[in-house]
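**Q** Can you keep this structure in mind? I'll have questions shortly.
Numbering (the numbering used here), first residue to last: 314 to 1260.
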């Protein structure tokens, strides 16, 4: 049996880079024996690779098995992988494997022992594959059999119940009867467990731990049995106060959430108030507020409890049914907050509760409340975050007054500072005030022309605090670093909004100098590394950005949440690997974007694999109460938008750098990926509510979303078509139709997601699409094919090339004037975007010339070879203009770039003077040299892009 799988694996590996040849070889083998499962599966594999999903499914259905000769487990898993992929591509996936796959597994289990595999091992593999592919019916069948064989082991029953609920929740609405029956079955099983426990029946199917109660809560909540669930949570034998739950905050939060859904505001207030009141009374009777409180109310001092109580009280006050009692509730809550603060004035939860109460019931007192909170907690790192959502409630005059007072305090000499407070604590207090000034005065109203005088003063204050702390504290102090980060953020803002006629990017160069100095002083500051990555991207210094991403020491899920910061648009910024001496020792994935993306894309299957190992480690200990959590985690990963972004960038780099290999892999519908796991919050952000987030200022291009994905997928499809060795698969044809429809319906999103250069070349891609599909796409019904239309499409494309050439000269001339000495991200992206489409036009022209010579091809005699050759000449002319611009910028960098950059570090009056004091001369010289070296390396990379 094992030999069959080895034979299959060797066969598909041999043709992995040539799937079309592999398909031919498999068909040839099947001519001798049409029922050979090895080559049937291989044929299905290659059909799926080539986008012919319907045919692949038919092949899988032809696979037969028997008790005497069961299919090896690994081959069943391989067939299941092909089937699930095809169903997703055809949008027919329903989480139900069906009878054919069920039978393959049943025969494998019934025939176990023939291949040396035990029943338990096969069941474990069946469960693992079912969870991986989300075929909940197969997983349910595993535990249906196990609970039948082991009636005294309740864990199999609860696993079966959990999977029944999971299957019902995921089933298609077309199967409503089956779905409703499964939901009813899961609910009745959960209710029977509750009844068995309350009635103390002699059965193993009872609640004996928090695991069973957690599962019951999940089922009741999924099926909206909220009233019953609240009753269960109040039962002394199985509820929150039972020996199984022991006032676990997880279940208390469940109760609060359910009461919120039921709009039981009064009950929430009563529940939270009584627990907090008991806790306060206990602490009032103790000699120390640090003494641990009993478990029955020790959980109460949790921010979720405070917040739920105050928000519920607010909802009561807004209700039409409000009476005088409600006002008493609000007074009682304020008194309770006061009692907690008397016990401990630095109780953060109580102080935050006081802020929230005043913001709801007494907005006029917010200024005094905020100042009081600031006086008490400004030495806490969390102070600004606690206040930021409430500062917006102050009037503009109050905000200005707060900022002016804080500026005056910060301008006082160090001698006036309180001696009893440590330098570290003083630094935290100062930085908290700097954040508030930035939040309410600097970032507020950012759409207007910046107040240069105030912003310059504020940057000066930030750098003063940072400089002073460097002298007094050891490197790596978080608050001191925040002072420097605030100055960097303001410089980035200046670079975007400056009305200074001088080179605006000099502000970015100063920001880059400060952030590199900060990294040298605090090498473990991840936010400094992220800013270095982003600012380097903005300046077009790809090698420094890649080096910064290496220093982030990204691990595990961060490849899903953070890798987009380095790899989004990397193909049009730095497509080639870095060949600088300073990065020689790094792994290829840290200096070559293609290898880095390939590594990042491997994380998802690794993460799912690890989770599956944990879930299926032991059938006896299957974590049935974590099944919903696992499902959501896995779905979130598999539908992550990061996957199509990185996949498109990887394919794009391969084309731009000439490392195509085999791109005969069908593209997936990008809107299958709906989970946006990209993390932008790790980038520092102290912006005013409603203002543009800071990350928008440091991204090398606008934040891409569904429209960008649709357009890039379509561009990929256009470039794939001329190299496809057979008619385009129906799934890819449908994908093209869907993409065109989406782009047409959502074209207004272009301004929000595409850069100016991306919008500029999109017209060219449209003309190329109109020409490519009817000529080499073999797509009937998608484009017209009559001779006059074909020639007109060719003429339109040629005209666009001429217009693009003239526009390109103007754009590049302006970029020379606007951004010496670097070719920043806008210039590099502009050049590569144009080279990319020129490369695609050239490839399409070559394909058109080739097919039009074939007498049996529909374009024979309908396209002018002279016109195609002239178009190729235009392509070369456009590319030469871009190469000329790049060489001029490179020449300037090589001759006087270091001097210009070093001058920029200390420019702009006081800001430059402060940088000169903070950053030692030898470091400034080092940074200038590294920046120029990186800039030249980036230019060399673009010059390597051959059309």
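Heads up, the beta-carbon is just placed ideally off N, CA and C, and yes, glycines get one too.
Are the beta-carbon atoms belonging to residue 851 and residue 1138 less than 8 Å from one another?
**A** Yes. Within cutoff.
**Q** According to the neighbour-count rule (16 or more other Cβ atoms, all chains shown, within 10 Å of its Cβ), is residue 849 buried or exposed?
**A** Per the 10 Å Cβ criterion, buried.
**Q** Kindly indicate which three-state DSSP category residue 1261 falls into: helix, strand or coil?
**A** Nothing about residue 1261 can be reported from this structure: the residues present for the chain run from 314 to 1260 only.
**Q** Please name the residue in 325, 1009, 414 whose C-alpha comes closest to that of residue 1068.
**A** It is 1009.
**Q** Looking only at its chain, what residues have a beta carbon closer than 7 Å to the beta carbon of residue 809, apart from the 5 residues adjacent to it on each side?
**A** Around residue 809: 1010.
**Q** Looking only at its own chain, which residues have a Cβ that is under 6 Å from the Cβ of residue 975, when we skip the five neighbours before and after it?
**A** Low per-residue confidence applies at residue 975: pLDDT is 46, beneath 50, and the placement is therefore not dependable, though the value from the model is reported in the following sentence. For residue 975, where only same-chain residues beyond five positions count, the Cβ hits under 6 Å are 330.
**Q** Please check the pair residue 752 and residue 704, which I expect to be a contact at CB under 8 Å, by giving their CB distance rounded to whole angstroms.
**A** Confirmed, about 6 Å.
**Q** Contact check, residue 1269 vs residue 916 under 8 Å by CB: the rounded distance?
**A** In the structure as shown, the chain starts at 314 and stops at 1260, and residue 1269 therefore has no counterpart that could be examined.
**Q** Report the CB separation of residue 920 from residue 869 in whole angstroms; it is logged as a contact under 8 Å.
**A** With a Cβ gap of about 7 Å, residue 920 and residue 869 count as contacting.
**Q** Which two residues bound the contiguous alpha helix (DSSP H) that contains residue 957?
**A** Residues 955-969.
**Q** Taking only the alpha-carbon atoms, compute the straight-line gap between residue 532 and residue 499 and give it to the nearest angstrom.
**A** Looking at the two C-alpha atoms, the distance is approximately 7 Å.
**Q** Using CA atoms only, rank isn't needed, just tell me which of 326, 1210, 959, 756 is closest to residue 1240.
**A** Checking every option, the nearest Cα to that of residue 1240 belongs to 1210.
**Q** Just how far apart, CA to CA, sit residue 1054 and residue 1071?
**A** About 19 Å.
**Q** Among residues of its own chain, excluding the 5 on either side of residue 457, which ones have a beta-carbon nearer than 8 Å to its beta-carbon?
**A** Counting only Cβ-Cβ distances below 8 Å, and skipping sequence neighbours, we find 473.
**Q** Starting from the N-terminal side, write out each stretch of the alpha helix (DSSP H) that is 4 residues or longer and does not extend beyond the stretch 504-572.
**A** 523-535, 539-547, all fully within the stretch 504-572.
**Q** Just the Cα atoms here: how many angstroms apart are residue 1095 and residue 1157?
**A** Because residue 1095 carries a pLDDT of 43, less than 50, the predicted location of this residue cannot be relied on, and the following value inherits that uncertainty. Near 18 Å, if we compare the C-alpha coordinates of residue 1157 and residue 1095.
**Q** If I'm right that residue 560 touches residue 568 with Cβ under 8 Å, what's the distance once you round it to whole angstroms?
**A** Their Cβ separation, rounded to whole angstroms, is 11 Å, which puts residue 560 and residue 568 out of contact at 8 Å.
**Q** What does a CB cutoff of less than 8 Å around residue 1278 pick up in its chain, not counting 5 residues either side in sequence?
**A** Residue 1278 is absent from the model: the chain starts at 314 and stops at 1260.
**Q** Does the beta-carbon of residue 332 have 16 or more other beta-carbons within 10 angstroms, so that it is buried, or is it exposed?
**A** Classification for residue 332: buried.
**Q** Compute the beta-carbon to beta-carbon distance between residue 645 and residue 586, rounded to the nearest angstrom, for a pair I have assumed lies under 8 Å.
**A** About 7 Å; that satisfies the 8 Å criterion.
**Q** Leaving aside the five residues before and after residue 357 along the sequence, list all residues of the same chain whose C-beta is less than 6 Å from its C-beta, in chain order.
**A** Only 369, 372, 373, 395 meet the Cβ criterion.
**Q** How about residue 353 and residue 382: do their beta carbons lie closer than 8 Å?
**A** No, the pair does not count as a contact, with Cβ atoms beyond the cut-off.
**Q** In chain order, what residues of the same chain have a beta carbon less than 6 Å from the beta carbon of residue 365, not counting five sequence neighbours either side?
**A** So the list reads 1042, once near-sequence residues are dropped.
**Q** From what residue to what residue does the alpha helix (DSSP H) around residue 612 run?
**A** No alpha helix (DSSP H) contains residue 612, which DSSP labels as neither H nor E.
**Q** Helix, strand or coil for residue 637? Go by DSSP, reduced to three states.
**A** Caution applies to residue 637, whose pLDDT of 49 falls short of 50 and renders its modelled position unreliable; the model cannot decide the point.
**Q** Excluding the 5 residues preceding and the 5 following residue 794 in the sequence, name in chain order all residues of the same chain whose CB lies nearer than 7 Å to its CB.
**A** Here the set comprises 831, 835, 838, 841.
**Q** Determine whether the beta carbon atoms of residue 1251 and residue 854 lie at a separation below 8 Å.
**A** Their beta carbons are under 8 Å apart, which means residue 1251 touches residue 854 by this criterion.
**Q** Between which two residues does the alpha helix (DSSP H) harbouring residue 1033 extend?
**A** Residues 1019-1033.
**Q** Would DSSP call residue 898 helix, strand or coil?
**A** Residue 898 falls in the coil class under three-state DSSP.
**Q** Output the boundary residues of the alpha helix (DSSP H) element that contains residue 1044.
**A** First-last of the alpha helix (DSSP H) with residue 1044: 1043-1058.
**Q** With the cut-off set at 8 Å, would you say residue 1231 and residue 776 are in Cβ contact?
**A** Their beta carbons are under 8 Å apart, which means residue 1231 touches residue 776 by this criterion.
**Q** I need the straight-line Cα distance from residue 882 to residue 386, nearest angstrom please.
**A** Near 42 Å, if we compare the C-alpha coordinates of residue 386 and residue 882.
**Q** Mind checking who residue 988 pairs with in its DSSP beta bridge?
**A** BP columns for residue 988 point to 953.
**Q** If we require 4 or more residues per run, which alpha helix (DSSP H) segments fall completely within the stretch 850-890?
**A** Here the runs fully enclosed are 855-864, 871-874, 877-880.
**Q** From 652, 649, 708, 650, pick the residue whose C-alpha is nearest to that of residue 677; which is it?
**A** Cα-wise, what sits closest to residue 677 is 708.
**Q** Would you kindly work out how many angstroms separate the C-alpha atoms of residue 1006 and residue 954, rounded to a whole number?
**A** Distance between the alpha carbons of residue 1006 and residue 954: 20 Å.
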